[in-house]
Amino acid sequence: MEYRKLNEERGRCLECGDPIRYGRQGRKFCSPQCKNSYNNRKGRDSRNVRSRVRNALDKNYAILRSLVRMHVESIDLLSLTAMGFNENLVTSYSKSRGHTLYMCYDIKYFKSDMRIYSIEKVSSVKEAVGVSANL
Ligand SMILES: [Zn+2]
Numbered sequence: 001m002e003y004r005k006l007n008e009e010r011g012r013c014l015e016c017g018d019p020i021r022y023g024r025q026g027r028k029f030c031s032p033q034c035k036n037s038y039n040n041r042k043g044r045d046s047r048n049v050r051s052r053v054r055n056a057l058d059k060n061y062a063i064l065r066s067l068v069r070m071h072v073e074s075i076d077l078l079s080l081t082a083m084g085f086n087e088n089l090v091t092s093y094s095k096s097r098g099h100t101l102y103m104c105y106d107i108k109y110f111k112s113d114m115r116i117y118s119i120e121k122v123s124s125v126k127e128a129v130g131v132s133a134n135l
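Using our numbering, the first residue of the sequence shown is number 1, and each one after it goes up by one.
This is how it looks when you write it as structure tokens:
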């Protein structure tokens with residue numbers, strides 16, 4: 001089944017769409033150049049996604065860190081969002097007694113429908129690693 005599907009799809013280069021006129025069965029590209037540019041683009045897309053996530057996490061962290069510095073332990077999600085916080089991005093989370101503990105690097109917090117609270121920088125690296133290891 002899978003083999004037949006491959007055979008039917010064989011015939012056009014994944015990169016440029018040209019017919020593949022020679023080579024072994026199952027070839028996906030008309031030339032090494034096309035294979036290279038296809039794989040390069042895939043790698044680039046993946047790197048772009050990773051750097052977008054990293055940038056968004058860094059922004060979250062900067063916001064949380066400034067809250068910690070101002071001794072703000074609780075803030076509503078609307079205000080956070082207005083600051084550019086993305087509540088869907090965390091570095092880890094874990095459940096404890098019905099609450100979900102979220103981590104953004106070494107800052108932890110809990111979240112309800114309306115706000116995040118108990119925002120706190122984890123004091124030691126050891127503790128931060130321990131929290132992550134429970135996931
Ligand atoms: Zn091609």
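By construction, the Cβ of each residue, glycine as well, lies at the ideal position given by its N, Cα and C atoms.
From C13, L67, C104, residue whose alpha carbon lies closest to that of C30: C13
Buried or exposed (CB count within 10 angstroms, at least 16 for buried), D18: exposed
Segment contact, 8 Å Cβ cut-off, at least three pairs: the region 52-66 with the region 89-97: yes
Cα-Cα separation between R4 and E15, rounded to whole angstroms: At R4, the pLDDT of 45 sits below 50, so the modelled position is not reliable; the number obtained from the coordinates is stated separately. Rounded to the nearest angstrom, the two C-alpha atoms are 21 Å apart.
Beta-bridge pairing of T100 - partner residues as DSSP gives them: K95
8 Å CB neighbourhood of I119 in its chain, flanking five on each side removed: L64, L67, V68, V72, E73, S74, I75, I107, K108, Y109
Boundaries (first-last residue) of the beta strand (DSSP E) holding Y109: 107-111
Same chain only: Cβ atoms within 6 Å of Y117, ignoring 5 sequence neighbours per side: S74, F110
Local conformation of K28 per DSSP, three classes: coil
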